[in-house]
Amino acid sequence: MSDRARPAALRWTGYVAVAIVFAIACGFLSHWQFSRNEERARQLALVDANYDAEPVPLSDVIPAGTDLDPADEWTPVVLTGTYLPDDELLVRNRPHGGTAAFEVLVPFRLDDGRVIIVDRGWVPPGDPDPEPDAVPGPPTGQTTVVVRLKPGEMVPASGRSADEGQVATINLPTIADLVSSGDAVVTSAYGQLVSEDPAPAVAPGALPSPTEDPGPHLSYAIQWILFAIMGFAFIGYIIVSERRIRREEADEAAGKTPKPRREKRRDNDADVEDALVDSR
């Protein structure tokens, strides 16, 4: 290898190394998106299997002393007991009705002594204050409630807090520490309200059904694979272009006449037409 060719070879090796690193990064990102797509498919399968099922007693799904099985998410269950309205909490910044709304959480004491947190729905922010102007209360006395079971949410990664009587997310251990019946609170699941008997005259807004949109994860995963391929194609184009330029420069330095570019053959029909015009 000549001294002049050696720097180019090193540079091209660097180009290929960059393309390989870029492809590895794209591979990790593609795998992440495939994983998210699989998780989304699992969530949709749970909704399809459980959301419209017939309600069953809570003890059939979460016997005393056990936790919610992830396969039972969205399962409708029947609760019998009484609400504990003095421990009502509001979950702030929930996207309902095009506003930063509040969801209404009320502990519900079951006849077996356990307490499950019920999300009764949402209320809009107030005007002009952000706190809601009014929060409809739950039924009093013995009540039969149908809810769909959901696992609790994570503590906010940002560490954001909430005002007194409010929480930032539906983190069940945190809520258990805030309510008077904390030791009895079920911390593996809460219930999204379906119906109450007796039904109150005024109730919070109903929670929406889960979306059936699979999301963009699969298309993103494929895009990352295409980006990796495009990276190698781009590097290949650069190397081929540099080789052509170096070859032309070497020919000029050696005094060689560059090969003339071959003219495109004119279309036969065009030649005939030109001949007819010239003969007139």
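According to full-length UniProt numbering, the sequence shown is numbered sequentially starting from 1. Built from N, CA and C at the ideal position, the CB exists for glycine as well.
task: May I ask you to report which of helix, strand or coil DSSP gives Ile117?
output: strand
field: Counted within 10 angstroms of its Cβ, other Cβ atoms place Tyr83 as buried (16 or more) or exposed
entry: Buried.
Nearest-angstrom beta carbon gap, Phe22 and Gly231 [assumed within contact, 8 Å]: 5 Å
Alpha-carbon to alpha-carbon, Arg114 and Pro63: 11 Å
- request: Could you tell me which residues DSSP pairs with Gln142 in its beta bridges?
  value: Looking at the DSSP assignment, Gln142 forms no beta bridge with any residue, so it has no partner.
- prompt: Just reading off the beta strand (DSSP E) that Glu131 is part of, what are its end residues?
  reply: Careful: Glu131 lies outside any beta strand (DSSP E) and carries neither H nor E.
- prompt: Taking the alpha-carbon positions, what's the Tyr220 to Glu39 distance?
  reply: 15 Å
query: Taking the C-alpha atoms as reference points, what is the distance between Gly81 and Pro136?
result: 19 Å
- prompt: In chain order, what residues of the same chain have a beta carbon less than 8 Å from the beta carbon of Gln142, not counting five sequence neighbours either side?
  reply: Thr80, Gly81 and Thr82
message: For Arg92, count the other beta carbons within 10 Å of its own beta carbon; 16 or more makes it buried, fewer makes it exposed. Which is it?
response: Classification for Arg92: buried.
query: Taking all protein chains shown into account, do 16 or more other C-beta atoms lie within 10 angstroms of the C-beta of Phe234, making it buried, or fewer, making it exposed?
result: exposed
message: Need the endpoints of the alpha helix (DSSP H) that Gly236 sits in, please.
response: His217 to Ala253
field: Local Cβ density within 10 Å of Thr211, reported as buried at 16 or more and exposed below that
entry: exposed
query: Relative to the alpha-carbon of Asp52, which residue among Glu153, Glu73, Val155 and Ser35 has its alpha-carbon at the smallest distance?
result: Glu73
message: Could you tell me the alpha carbon to alpha carbon distance between Glu248 and Asn37, rounded to whole angstroms?
response: Looking at the two C-alpha atoms, the distance is approximately 50 Å.
Beta-carbon contacts of Tyr15 that lie in its chain and below 8 Å, excluding the five residues immediately before and after: Ile235, Ile238 and Ile239
- request: Classify Arg160 as helix, strand or coil using the three-state DSSP reduction.
  value: coil
field: Cβ neighbours of Pro200 in the same chain (closer than 8 Å, five flanking residues each side left out)
entry: Pro136, Gly137, Pro138 and Pro139
- prompt: Among residues of its own chain, excluding the 5 on either side of Ala206, which ones have a beta-carbon nearer than 6 Å to its beta-carbon?
  reply: Gly121
query: Helix, strand or coil: which one does DSSP assign to Ser195?
result: strand
- prompt: For the beta strand (DSSP E) that Ala71 lies in, which residues bound it at each end?
  reply: Unbroken run through Ala71: none, as it is neither H nor E.
message: Below 8 Å, how does it come out for the segment 178-185 and the segment 102-118: are there three or more Cβ pairs, yes or no?
response: yes
message: Report the CB separation of Leu89 from Ile20 in whole angstroms; it is logged as a contact under 8 Å.
response: About 52 Å; that fails the 8 Å criterion.
field: Short Cβ contact (9 Å threshold) for Thr99 with Arg148
entry: no
- prompt: Thinking just about the alpha-carbon of each residue, which of Leu10, Trp224, Glu164 and Ala203 is nearest to the one in Gln33?
  reply: Trp224
Phe102 vs Val145 beta-carbon contact at 9 Å: no
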